[in-house]
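Here's the structure we're looking at; comments come further down.
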DNA sequence: GCTGATCCATAGGTAATTTCAATACATGTC
DNA sequence: GACATGTATTGAAATTACCTATGGATCAGC
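Chains as they are written, first to last, in full-length UniProt numbering: chain E, 1 to 300; chain C, 1 to 300.
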């Protein structure tokens, strides 16, 4: 087995690539220029390739250097992840954790779970970010988020998920609506019914569409949030489907709207937690999920 | 940023996990036991977690240790890959390269390209492995192969491919066969025709099936290789489709069988080279592919 | 074409780190 | 309680990493 480079040497290579000059790179990593110079030279000796083209006005990476750079970056992030993961294993759910939540979950689930989470993990600093599923997905992949609360299914490469609980859909309409008379509805009752939905991009829109394929979607109006949506129902523009979680959180309180469940088989969505496969905080995401799951299951 | 561990420390951790004892692990990495002991201790200090449970009969990893181990393995392989990739960049297509080839390509393509490859890259040591697509895929993922010659499409996560050339299918039958009269065939001419195919697992079987959906596959007989297949045609069991590459390599020479092309649009398969995304030898696989492509395109 | 500025390479000395040999300590075994 | 089998500690030696000082090359401006 040929000799391995040092992480330090790789770090120097990153700095060199970033600053385009031995001297400036040396400053950036707090060593002198000769030190960095020697380290790069030894790295080249180990790899048997010239990585850097030395010029009068700085340094440029050779193609081999570029290739090594990409891999060096990977090695460094993997090493950093190791440290973070190990430290987290020693004291789980500590420090900053960046959690994404979709807009149809955040306002209804977070008030219910955050107090307990805060109490149970006082050292945890949750940074919350509310956004659409697709953007949360991107953020997870780019390591800008550690975990995300989303609606399942959330099939995506490199993403792992755990189910936290079911969230059935309820039919919501004006009291004067014909269907308001029935204590519960069948999916087929929606046939021809004018339905209001969230605007495109919300996964709740897709799930609701799947649940009420019989309905007639009003594509001329689309709401930007569930709060807007119920206002539109109240204004007489049509009926809609709401997640029970939102109703339980008081979304339609004092609005004088009628809410009806569906007969089994109930339609709805599943709430889950997602994280990037191999993320340094995968285990913590799983743990956080368990806590939230425990908070969801008993009441409803 | 907290301090990073050394690759050496991670290597020691791997050895410790493998041998279950400080002393034996130390022997394995050619240092003394105190050295390894101190290194692990410092690693634990850096990570802030106890990784190893020291017992009277050796050492066991704690859960945190196991987690660190998995990541350490990743860091080490990434670092090793960096070295290999960089060395390969300096002197491409040198040393051992493990190349998988599917059985319906190997005997016909390799004799045509290997001499030139050998001549062009005298220092290259090609280790060839002939196997079915699925097993080559597994081997690529498990790093037991560096590249593979397969039939496209070869859609798979973590695998990248390049097209090397087209390989059209030819109709092969006995001279007395009714279709032998026609100089060329349409795909629809195969309607009701009893066709022989390779046994399950060969991708050529699937591609041929797709190409001649009109035909009537003889599922009572399936060949284990193209050589067997033509013998079965000769024995009067039916007709078949052969890749032009195999015919060009002399598969039916001296067999007194009739071979007919299809009218455009020609049916066939594409030959490609595949490698694991991020493999240390990805660039070399690409280069090797270019050479083979150059050898395939001019003649036919 | 000289001058100064900028940048990388080299040299030699020093501090820090790594490693080793020797030994101490802990724990099960007979 | 001696012994075998482990790991931890210690202090010295070798190695390595780093710094200061200096040299040489290239380019810009005059």
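Where is the CB? At the ideal position from N, CA and C, for every residue including glycine.
If you're wondering where the values come from, they're calculated on a predicted model, not measured in any experiment.
Three-state secondary structure assigned by DSSP to residue i
i: residue 255 of chain E; result: coil
i: residue 294 of chain C; result: helix
i: residue 111 of chain C; result: helix
i: residue 125 of chain E; result: strand
i: residue 133 of chain E; result: helix
i: residue 63 of chain C; result: helix
i: residue 118 of chain C; result: helix
i: residue 143 of chain E; result: coil
i: residue 51 of chain E; result: coil
i: residue 278 of chain E; result: coil
i: residue 240 of chain C; result: strand
i: residue 151 of chain C; result: strand
i: residue 34 of chain C; result: helix
i: residue 40 of chain C; result: helix
i: residue 271 of chain E; result: strand
i: residue 10 of chain C; result: helix
i: residue 300 of chain E; result: Any answer about residue 300 of chain E is weak, because its pLDDT of 45 lies below 50 and its placement is not dependable; what the coordinates show is given next. Here residue 300 of chain E sits in coil by DSSP.
i: residue 16 of chain C; result: helix
i: residue 95 of chain C; result: strand
i: residue 260 of chain C; result: strand
i: residue 100 of chain E; result: strand
i: residue 58 of chain C; result: strand
i: residue 249 of chain C; result: coil
i: residue 287 of chain C; result: helix
C-beta neighbour in chain C for residue i, strict 8 Å
i: residue 299 of chain E; result: Note that residue 299 of chain E has pLDDT 49, beneath the 50 cutoff, so the model's placement of it is unreliable and no number is given.
i: residue 79 of chain E; result: yes
i: residue 48 of chain E; result: yes
i: residue 222 of chain E; result: no
i: residue 2 of chain E; result: yes
i: residue 71 of chain E; result: yes
i: residue 192 of chain E; result: no
Short CB-CB distance (under 8 Å) between residue i and chain E
i: residue 37 of chain C; result: no
i: residue 67 of chain C; result: yes
i: residue 64 of chain C; result: yes
i: residue 6 of chain C; result: yes
i: residue 74 of chain C; result: yes
i: residue 85 of chain C; result: yes
i: residue 82 of chain C; result: yes
i: residue 283 of chain C; result: yes
Residue closest to residue i, alpha-carbon to alpha-carbon, out of the options
i: residue 50 of chain C; options: E/52, E/83, E/43; result: E/83
i: residue 46 of chain C; options: E/60, E/90, E/265; result: E/90
i: residue 68 of chain E; options: C/283, C/288, C/296, C/55; result: C/283
i: residue 288 of chain E; options: E/179, E/161, E/278; result: E/161
i: residue 291 of chain C; options: C/52, C/115, C/53; result: C/115
i: residue 196 of chain E; options: E/159, E/239, E/70, E/234; result: E/239
i: residue 279 of chain C; options: C/31, C/22, C/143; result: C/143
i: residue 220 of chain E; options: E/206, E/52, E/200; result: E/200
i: residue 225 of chain E; options: E/88, E/102, E/17; result: E/102
i: residue 118 of chain E; options: E/139, E/93, E/60, E/7; result: E/93
i: residue 242 of chain C; options: C/80, C/211, C/26; result: C/211
i: residue 164 of chain C; options: C/158, C/170, C/173, C/153; result: C/153
i: residue 293 of chain C; options: C/276, C/281, C/277, C/272; result: C/272
i: residue 14 of chain E; options: E/52, E/72, E/48, E/158; result: E/72
i: residue 356 of chain C; options: C/167, C/18, C/109; result: Outside the displayed range of chain C (1 to 300) lies residue 356 of chain C, so it cannot be described from this structure.
i: residue 188 of chain E; options: E/262, E/145, E/128; result: E/262
i: residue 9 of chain C; options: C/40, C/34, C/25; result: C/40
i: residue 4 of chain E; options: C/78, C/55, C/57; result: C/78
i: residue 174 of chain E; options: E/231, E/275, E/204, E/156; result: E/231
i: residue 158 of chain C; options: C/139, C/228, C/172; result: C/139
i: residue 11 of chain E; options: E/59, E/43, E/203; result: E/43
i: residue 134 of chain C; options: C/155, C/81, C/121; result: C/155
Write down every uninterrupted run of the alpha helix (DSSP H) in the stretch 153-234 of chain E whose length is 4 residues or greater and which is fully enclosed by it, in chain order.
203-211, 226-234
Listed in chain order, which residues of the stretch 151-167 of chain E have Cβ atoms closer than 8 Å to some Cβ of chain C?
157
Quick one: which residues of the stretch 85-119 of chain E get their C-beta closer than 7 Å to a C-beta of chain C? List them in chain order.
85, 86, 87, 89, 90
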